[in-house]
Amino acid sequence: MLVGAGLTVVPPLLTQQAFDRGLFPPTGGPDIPVLVELVAIMIAIWIAGAGLGVWQTYLTATVGNRVMGSMRVDLFRHLQSMELGFFTRTKTGVIQSRLQNDVGGVAAVLTNTVSSVLGNTVTVIAALVAMLVLNWQLTLVAVVLMPVLVIAQRRVGQVRARIASKTQESLSDMTAITQETLSVSGILLSKSFNRQAAETARYEAENRTQIRLQVSQQMSGQWFFALVQIFLSIIPAIVYVVAGFLITGGVSVTAGTIVAFTTVQARLMWPLIGLMRVALDLQTSGALFARIFEYLDLEPAIRDRHDARRVAEGPALGRVAFDDVRFSYPDTRPGERPTLDGMSFAIEPGQFAAFVGPSGAGKTTVSYLIPRFHDVTGGRV
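One gets my numbering by counting positions in the sequence shown from 1 and adding 389 to each.
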């Protein structure tokens with residue numbers, strides 16, 4: 390990766406030698422042997438760079454997708470450890486969106502960021518060094534406005550990060566609507582109450598929001614990059630003018646130096662724009678990472694004690710007993726009667742038991758407390 394990036398600035402330096410030693414040597418006519426040798430070296434470097442580029446793409450794609458896959462599995466494993474209450478108060482579509490859309494949204498960043506940052510940084514540094522070697526006065530002209538571009542880039546990145554966060558929230562809402570309305574139970578309710586048109590309108594409204602946010606996200610920073618590209622594109626013309634003044638002032642600047650300098654400067658333009666885009670992508674993906682780690686940082690409400698012991702095999706294994714159990718759901722308002730209040734019973738292994746009572750008496754709650762889907766408020770199971 391680093392070698393391939395460094396090789397990109399070698400051909401312009403060879404171009405200088407091709408001009409000054411091969412085409413227009415001090416001795417007079419073109420020196421064909423020197424010219425052929427320099428051209429052969431340039432061709433070999435281009436071939437080597439292309440091969441290294443293919444290998445770099447394979448490595449970065451492999452590493453990036455493995456990291457993304459590991460993150461997806463870690464998030465899935467963590468969600469498996471969350472208590473039932475988390476899933477009852479969180480829409481299934483929202484959870485699916487975090488697992489699929491948000492993790493998938495950072496795939497490009499994980500795949501391209503490392504290679505882009507390392508490769509483009511080495512290319513920029515090598516290009517700047519080559520430009521300084523060729524002519525330091527022209528280098529100052531070429532980089533004088535770079536700090537202004539960096540400051541402007543930070544502002545654009547902050548705007549894109551806010552838009553990205555809103556975009557993912559809207560995408561999460563769309564996924565939730567899809568899951569709610571197109572599941573078997575959802576479509577059954579929709580058809581039973583003749584709500585197809587209303588549900589379509591709800592989805593269409595969220596879809597319009599998503600389109601607007603996607604367009605805003607893609608357009609944010611485009612004017613900035615257009616100005617950057619214009620600035621970097623007119624630098625060669627400015628270099629020609631400055632070189633003319635330098636030659637007039639007695640500074641030795643050869644035609645080969647000018648050609649090599651503008652070629653190196655062109656090599657500098659795209660890596661520099663690439664670094665700025667990566668910086669914007671990192672700021673944008675920060676919103677996605679925040680949503681992913683918001684779930685990864687959740688602590689399960691139900692955990693085994695550090696000194697918990699596995700139930701020993703024996704005749705009592707399989708016995709279920711409630712001892713003065715009290716339980717209230719998290720959304721129970723203060724002063725309301727608990728769902729279960731002082732409930733005690735025991736069911737022996739092999740014994741059949743039935744819980745009978747009106748709706749809301751707590752039958753399902755009892756079945757949830759036995760496998761510890763919820764923790765009791767008081768007493769013990």
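Glycine residues also receive a C-beta, built at the ideal position from the N, C-alpha and C atoms.
For clarity, every value in this text was computed on a predicted model and none was experimentally measured.
Residue pairing of I421 in beta bridges, as defined by DSSP: absent, with no partner found.
DSSP places A735 in the uninterrupted beta strand (DSSP E) bounded by L729 to I736.
A direct Cα-Cα distance of roughly 11 Å separates P727 from V765. A straight-line Cα-Cα distance of about 22 Å links R410 and V518.
If you look at R478, you'll find it isn't in any beta strand (DSSP E); it sits in the alpha helix (DSSP H) that goes L473 to R478. Taking the C-beta atoms as reference points, M665 is found nearer than 8 Å to Q542. For G767, the enclosing beta strand (DSSP E) begins and ends at G767 to R769. About 19 Å separates the CB atoms of P689 and M460; that is not less than 8 Å, and the two are not in contact. Linking R715 to L706 through their CA atoms gives a straight-line distance of about 24 Å.
The three-state reading of DSSP puts F650 in helix, counting H, G and I together. Shown here, R487 sits in a helix according to DSSP, grouped into three states. F716 carries a strand assignment under DSSP once its states are collapsed to helix, strand and coil.
Linking A437 to A516 through their CA atoms gives a straight-line distance of about 19 Å.
Residue pairing of A710 in beta bridges, as defined by DSSP: A735. F408 counts as buried, since no fewer than 16 other beta carbons sit within 10 angstroms of its beta carbon.
The C-beta of T753 has fewer than 16 other C-beta atoms within 10 Å across all chains shown, which makes the residue exposed.
Across the set T556, P536, G645 and G474, the C-alpha of G645 shows the shortest separation from the C-alpha of L412. Q740 sits in coil when the DSSP states are folded into three classes, being neither helix nor strand. Note that the C-beta distance between Q406 and L427 is below 8 Å. In the three-state reduction of the DSSP assignment, V630 falls in the helix class. With respect to the C-alpha of G663, the residue from S641, L507, A531 and W612 having the closest C-alpha is L507. For E569, the enclosing alpha helix (DSSP H) covers residues M535 to L571.
Looking at the backbone, the Cα of F476 and that of T652 are separated by about 59 Å. Taken through DSSP and simplified to helix, strand or coil, P723 comes out as coil. In the displayed model, A697 falls within coil according to three-state DSSP, outside both helix and strand. Inter-segment contact for the region 731–740 and the region 681–688 is absent: fewer than three beta-carbon pairs are separated by less than 8 Å. Close CB contacts of Q672 within its chain, under the 6 Å cut and outside five residues either way in sequence, are with G546 and A550 (chain order). The C-beta separation of L661 from V513 comes to about 6 Å, placing the pair in contact by the 8 Å criterion.
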